[in-house]
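Q:
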Amino acid sequence: MRLLPFLCGILLTASGLPAQTLSLSGNWKIHPGDNPGWKADTLDDRNWQTTYVPAAWESTVLPGYDGFAWYRTTLEIPDTWKKEDLILNIGAIDDADETYLNGALVGRTGKFPPEEQSAWDAPRRYLIRVYDGAGGGGLYLAPVELMPRKQYEKMQRTQRKKGRTYHQLTTSNGLIAAVYNAATHQVDNVYPHIFSAYDSADFVQPYAFSIYPDVADKPVSAGYLRNTHVIEVRYKHFTIYYFASFTRSDRVFYAVVRGDPKYVSNFRFVFKGIDSLVAESVLRKTGKQWERYVLFRDNPDSNINADLRNLETAAVSLVDAEVAYMRQVFARCRFPAGIRRAERALMEQSVAVLKMAQVADNEIPPLSRGQILASLRPGVWSISWVRDAAFAIQAFTRLGLYEEARKGLEFMLRASPTNQYKHYVHTDGKDYGIGVDYQISVTRYFGNGREESDFDHRGPNIEIDDFGLFLIALSDYVAASGDQAFYQRWQPVLQSKVADAILHNINDQGIIRADSGPWEHHLPGRPFTFTSGVCGLGLEKFAELQRASGFESAPYFDGAARLRTGILTNMRYENRLLKGNALDRSPHDHYFFDAATFELFANGFMQDTSLFLSHMLAYDPELRVKTGAQAGYIRFNSSDSYENQEWPFAGLRVAMAQLRFGKKAEAKRLVRRVTDIAARHFHLIPEIITLEEEVYKGSIPMAGYGAGAYVLAICALYE
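According to my numbering, the stretch in the sequence shown is residues 15 to 733, in order.
1. Could you tell me the alpha carbon to alpha carbon distance between Tyr212 and Ala69, rounded to whole angstroms?
2. Check the C-beta distance from Trp62 over to Ile91 and give it rounded, since I have them as a contact under 8 Å.
3. Exposed or buried, which one is Val498 when buried takes at least 16 other CB atoms within 10 Å?
4. Which one or two residues does DSSP pair with Ser295 in a beta bridge?
5. Helix, strand or coil: which one does DSSP assign to Asn319?
6. Using 8 Å for Cβ pairs, my map puts Ile104 next to Val193. What's the rounded Cβ distance?
7. What are the uninterrupted segments assigned as alpha helix (DSSP H) that are 4 or more residues long and contained completely in the segment 83–126, given in chain order?
8. Can you check DSSP and say which residues form a bridge with Glu465?
9. Assign Pro162 to one of two classes, buried (16 or more other C-beta atoms within 10 Å of its C-beta) or exposed (fewer than that).
10. Pull up the CB-CB distance for Pro392 and Gln182, whole angstroms please, since I reckon it's below 8 Å.
11. Whether or not the segment 215–224 and the segment 277–294 are in contact is what I'm after, with contact meaning three or more pairs of Cβ atoms, one per stretch, closer than 8 Å; do they touch?
12. Tell whether a beta-carbon distance below 8 Å holds between Leu368 and Ala693.
13. Looking at C-alpha atoms only, which residue of Glu566, His629 and Trp52 is the closest neighbour of Glu588?
14. Using the C-alpha atoms, what's the distance from Gln502 back to Thr543?
15. What whole-angstrom Cβ distance do Leu597 and Gly547 have, given they're in contact under 8 Å?
16. Within the continuous beta strand (DSSP E) that includes Lys43, where are the two ends?
17. Buried or exposed: which applies to Gln372, given that a residue is buried once 16 or more other Cβ atoms fall within 10 Å of its Cβ?
18. Note down, one range per segment and in chain order, each beta strand (DSSP E) of at least 3 residues found wholly within the segment 190–233.
19. If we ignore side chains and look at the alpha-carbon of each, how far apart do Asp228 and Ile476 end up?
20. Using CA atoms only, rank isn't needed, just tell me which of Ala557, Val284 and Thr253 is closest to Val278.
21. Leaving out the 5 sequence neighbours to the left and right, which residues in its chain are closer than 7 Å to Pro662 when beta-carbon positions are compared?
22. Could you give the DSSP three-state label for Glu477: helix, strand or coil?
23. Just verifying my parser: in three-state terms, what is the DSSP assignment at Ser263?
24. Can you tell me where the beta strand (DSSP E) with Thr543 in it begins and where it stops?
25. Would you kindly report the start and end of the unbroken alpha helix (DSSP H) that includes Tyr732?
26. What would DSSP say about Ile407, mapped onto helix, strand or coil?
27. Roughly how many angstroms separate the alpha carbons of Leu726 and Gln385, rounded to a whole number?
28. Under the rule that 16 or more other beta-carbon atoms within 10 Å means buried, what is Lys711, buried or exposed?
29. Hey, how far is the Cα of Tyr255 from the Cα of Asp445?
30. Does Ile728 get closer than 8 Å to chain B when you measure Cβ to Cβ?
31. Which residues does DSSP pair with Glu159 in a beta bridge?
32. If you check the beta carbons only, do Ile407 and Ala487 fall under 8 Å apart?
33. Looking only at its chain, what residues have a beta carbon closer than 7 Å to the beta carbon of Arg348, apart from the 5 residues adjacent to it on each side?
34. Nearest CA to the CA of Glu706: which residue from Ser655, Phe344, Val244 and Pro50?
35. Count the other CB atoms within 10 Å of the CB of Val284; is the residue buried (16 or more) or exposed (fewer)?
36. Which class does Thr56 belong to by DSSP, given the choice of helix, strand or coil?
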């Protein structure tokens, strides 16, 4: 990702309000361009645009904009802070920034042009100037807050003691999503949809934010209630439950306070939101305790009073009903026998994450229903990638959650006619399009179900591996569920617009021609080993389905055989390892050692034991994390911090490969690594773990590349 600058000025005034943390989420001023004079505290910014923070500026007031921009905001600080050192704590800024307080520079991260250096994934701890080169730009990730240094250091000490570096819990029902921050004790944002964008120029903005109880008490604990989607925040005299409701399947965010009536009767929340936000409240008795329901909704319908009456008179608490719903989902799952308690907890929470990441059946855009996001919010990948969804669907299938798996497959088969990249002539004059009609997106989908491919200065991502991964997930579903009716219905599309699209893109070397690859390198790309491998297995599994159902199978068996031979001819290096792609010749080349190559052993496309063992022997010194006996694998051995950190997904897929080739002890260590660190982080799996401090980083929580990969690894470990 290229960098774009962000520049920010913050003006402070005094107030007598007591506070521990000041949330800066909300409306800020923004102006594209770069003028050093804009840092002045006396600047008249009344004509500047207003934008919501945190959010990428492309999703608010600067669609498609790459370049410099300045942000400004004014806030009042409590009188009690006047003699305090203050910390400005910002989740992340894309791509580089300089930050000013009352006109004085207080910090910078990354570098501006002409010496561009992206720091898009690095949290900031100071006062703001921003630059964005491509992709999202600006203050896009919570938290955005100000606090005394003593308070910040105390918070950090507490979290280090708990071994926790991530503090946000997400709740979703497939319709709305909300994020609770356990470090600041507030709900950061409530979103009216779980996906981040309806379409290219229509991004999803929160309708409520900075929700917190109007009490002086601090929570005793916070976490998911019994590994479900219900967030439980315990205080000394009462408990608050935050959730989106699966049982009611509505667009309401619920905050339920349970406890003694003297604490609950007049309980109130402080919150911010859009003009149409309405918060309604009702009190109900639950056994010996009372519950205060507070419903946050955007532009409520006429049934609000009926909803409140139903909640007040219901025989069962909605909190209990929500927990029972998710526990029933767990009961449907085929969890392996003999798993450890910690593994069972993470398996259950992973199922909850996968359920929360799938768009509900009553979502408004009909073609969005069933799609599975790569990450829940606040993770920036709250978008439906084919690749991530394929692993989520495989996990649903492995657990016996066939309905969820089928809906994920049907979403892609029903999605808006793709073919957007049937032809794409790049700047080098070559056509990198698929070349024939196709159905599965070459990258990902907008919330409305239309194909999307993210662009940067190198062009779009065109990923042919998506076709193979989809066929693998589909074939596993049909084989496990026996759903022949599903296969018969979609067979013509599967053959002509998925399998045939793979065959069309096998080149004269017997490998898939250059594409953007497994880690999205944009065009012109390379002939990646991963792409050829997953396409080969996809063709092989599809051919078996075709043969069993009496359809043509020979071309697809032949295509799989050609790809296997092509990989061994073009990607095998010194007869001892598979390099990452056909172009890199030397072990010193950037993409030579690629963690994605382990997928060919993990999924069984390559079954040569000696090759696997020598492959691991060559790769471990390059990609194995060297800190900690149980540590996992990085993506590439490079200077890019995004690549050169531990990827739990990579470690879990290496574990799958090890299990296939009799290395159970080594695989168990890798799986236990993820289990143990997730146990300290609400049983959520991140995109990245930093090497030295073991800090959660990147998009969190991951669905297919986190929860899904873990489910598959545990099932394989105990089968």
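Note that beta-carbon positions come from the ideal geometry of N, C-alpha and C, so glycine has one too.
A: The relevant details are as follows:
1. 15 Å
2. Not really, about 22 Å apart at Cβ, beyond 8 Å.
3. Looking at the sequence itself, residue 498 is Gln, so the reference to Val does not match. The residue is exposed, with fewer than 16 neighbouring Cβ atoms inside 10 Å.
4. Val308
5. helix
6. No, Ile104 and Val193 are not in contact; Cβ-Cβ is about 16 Å, not under 8 Å.
7. none
8. Tyr459
9. buried
10. 6 Å
11. yes
12. no
13. His629
14. 31 Å
15. So it is not a contact: roughly 16 Å between Cβ atoms.
16. Gly40 to Pro46
17. buried
18. 191–195, 200–205, 211–213 and 222–227
19. 50 Å
20. Thr253
21. Gly646, Val688, Ile699, Pro700, Ile703 and Gly720
22. coil
23. coil
24. Looking at the DSSP string, Thr543 is not in any beta strand (DSSP E); the run it does join, the alpha helix (DSSP H), is Thr543 to Ala562.
25. Ala723 to Tyr732
26. helix
27. 20 Å
28. buried
29. 54 Å
30. This model lacks chain B altogether, as it is built from one protein chain only.
31. Ser37 and Asn103
32. yes
33. Leu413 and Gly414
34. Ser655
35. exposed
36. coil
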